[in-house]
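Taking our numbering, the leading residue of the sequence shown gets 127, the next gets one more, and so forth.
Every residue, glycine too, gets a C-beta built ideally from N, C-alpha and C.
Below you'll find the structure, written out as structure tokens, and then a few comments.
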Amino acid sequence: MRSAEEELTGILREGGVDFTATLPCDRIKGLLCLVSRKFYHVPLTREEEGVGICAGAALAGKRPAMFIQNSGIGNMINALLSLTGFYGLPLAVFASHRGIYKEKIAAQAPMGLMLPGILEGAGIGFTPIDSASGLQLVPEMLEKVYSENRIHVFLLSPAIWEGPGLETESGPGRGEKFKKIKNGFLGGPESQKVKIRTARRLDRYEMLSALWPATEGAAVICNLGFPSRELYSMGHRPSHFYMLGSMGMATPIGLGVALSKRSKDVVVIDGDGSLLMNPGTLATAACLGGRNLTVFAVDNGAYGSTGNQPTFAAGCIDLGMMAKGFGLDVIVAAGKKDIVSALKEKVKGPRFVHALARPGNRDVPVIPLGPLEIKRQFMEFLMRG
Ligand SMILES: Cc1ncc(C[n+]2csc(CCOP(=O)(O)OP(=O)(O)O)c2C)c(N)n1
């Protein structure tokens, strides 16, 4: 029996889709894996970017489709309206519809629940698909997308992938790549030197367990998903601000705290996927931030929290060089000792610790604290110092 993922990719093939762009969500990782294997495929750093890339592809006569999490639509709306819609270009968007069905992450609820209203308000057509049998709604609408140059969003409930007899693939979509990449640098001579000294030895959990004691007294802003869950599992402190959603916002939040509270050391635990979604924030941090700000970038070369799909940091981007280019003081760390000394090293301005990690998540539960409780404790901590 064909899995729902195979059925949908078959429909796409018959509908003439020949250009795809993706940004991972944990609940469609099986679909993403098939799409990346069966179609011309562009992995994105930010959903909004996908709207531009797909507009370019459509101008060149392609039939583009995007595969994303519904939260990503939040950062696509302007481009969808003022580019795709305004120029009358076709785009099919397949978005995992989070927050509505067997959802463990409460932060998914606001976007998930509001999305139909947001799309309606924006005048963007959408079709909710609540089960595998609902996939039969796709072909007719897909045909209209390309024949009438429309934007259409298919909201894919997680229930689609769990029907009886359906097989969902899991795990990294293009995991093979990790086996070939030992360190992740392809750069010039300076990178090559770093490469010899620093293989990706520790996983994120091991890195955070070295960071935990070293951040006592500092305000810590932690990236969403497994990074926050792992940090919480090591021992909660009121000084920890765990992000429960809003990918790409860890460094901006940390910068805001650091600018407003110069007396406090602020450590942001960010990720390569999240930094690549919002790299401009490093320019703002470099130009405005002070010595009290550290961006600890756990570069595991992957979107770890959604199934370890590779990011461009896995093979073609050197995040440390990128941060250096923005003017940050960059320290490369790969072992536990480097991590501790990186936080102590004297720097002139904001510090960027390029922490080279292996992909991998620990099986730790979701954080039991709600957003208002996290905020209350964190604000009290900041008020004290
Ligand atoms: C706008 C948006 N797109 C996609 C997601 C799904 N998502 C949640 S965590 C995550 C991976 C983050 O990767 P990275 O910052 O490298 O951290 P890691 O989990 O690897 O430590 C993704 C893609 C999201 N929450 N929001």
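1) Among G141, T148, L414 and Q234, which has the Cα closest to the Cα of A384?
2) From the DSSP output, which residues share a beta bridge with G397?
3) In terms of alpha-carbon separation, which member of H167, V492 and E506 lies closest to E229?
4) Taking 8 Å as the limit between beta carbons, can you name the residues of its chain near I137, skipping five residues before and five after?
5) Nearest CA to the CA of I255: which residue from H278, G496, L160 and F452?
6) Quick one: Cα of R224 to Cα of M403, how far?
7) With P378 and T407 assumed to form a contact (beta carbons below 8 Å), what rounded beta-carbon distance in angstroms separates them?
8) Nearest-angstrom Cα distance between L409 and K470?
9) In angstroms, rounded to a whole number, what distance separates the CA positions of C159 and E506?
10) May I have the straight-line CA-CA distance separating P298 from L157, to the nearest angstrom?
11) Answer yes or no: the CB of D444 versus the heavy atoms of ligand 1, is any distance below 7 Å?
12) Given that a residue counts as buried once 16 or more other Cβ atoms are within 10 Å of its Cβ, and exposed if not, what is S283?
13) Per DSSP, which one or two residues make a beta bridge with S222?
14) Which residues does DSSP list as the beta-bridge partners of R388?
15) Quick check: what's the CA-CA separation for E499 versus D329?
16) What does the Cβ neighbour count give for G141, buried or exposed, with the cut at 16 atoms within 10 Å?
17) Buried or exposed for K463, please, with buried defined as at least 16 other CB atoms from any protein chain shown within 10 angstroms of its CB.
18) Starting from I250, trace the beta strand (DSSP E) both ways and give me its first and last residue.
19) Using alpha carbons as the reference points, say which of E274, G211, T210 and L281 lies closest to M240.
20) From R153 to V479, what distance separates their C-alpha atoms?
21) Note down the Cα distance separating K450 from A481, rounded to an integer number of angstroms.
22) Check each candidate in G511, K472, S400 and G371 and name the one with the smallest Cα separation from G238.
23) Between the Cα of H167 and those of T148, G182 and E175, spot the shortest distance and give me the residue it belongs to.
Looking at the coordinates:
1) Of the candidates G141, T148, L414 and Q234, the one whose C-alpha sits nearest the C-alpha of A384 is L414.
2) V424.
3) With distances taken between Cα atoms, E229 lies closest to V492.
4) Around I137: L261, V264, P265 and L268.
5) Comparing Cα positions, the closest option is H278.
6) So the alpha carbons of these two residues sit roughly 20 Å apart.
7) Indeed they touch by this definition, with Cβ atoms about 5 Å apart.
8) Note on residue identity: the sequence assigns Ala, not Leu, to residue 409. The alpha-carbon of A409 is positioned some 23 Å away from that of K470.
9) Across the structure, C159 and E506 are spaced so that their CA atoms are roughly 44 Å apart.
10) Its pLDDT being 37, under 50, P298 is placed unreliably in this model, and the value from its coordinates should be taken loosely. Distance between the alpha carbons of P298 and L157: 11 Å.
11) Incorrect: D444 has no Cβ contact closer than 7 Å to ligand 1.
12) Buried.
13) S222 is bridged to Q195 and L282.
14) Paired residue(s): none; R388 is not in a bridge.
15) For E499 and D329, the distance between alpha carbons rounds to 29 Å.
16) The residue is buried, with at least 16 neighbouring Cβ atoms inside 10 Å.
17) Classification of K463: exposed, given that the 10 Å Cβ count is below 16.
18) Going by DSSP, I250 is part of no beta strand (DSSP E) at all; its letter is neither H nor E.
19) Here the closest residue by C-alpha is L281.
20) Each residue's CA atom was taken as its position, placing R153 and V479 some 31 Å apart.
21) In a straight line, the C-alpha of K450 is about 14 Å away from that of A481.
22) Per the Cα distances, G371.
23) It is T148 whose Cα lies nearest to the Cα of H167.
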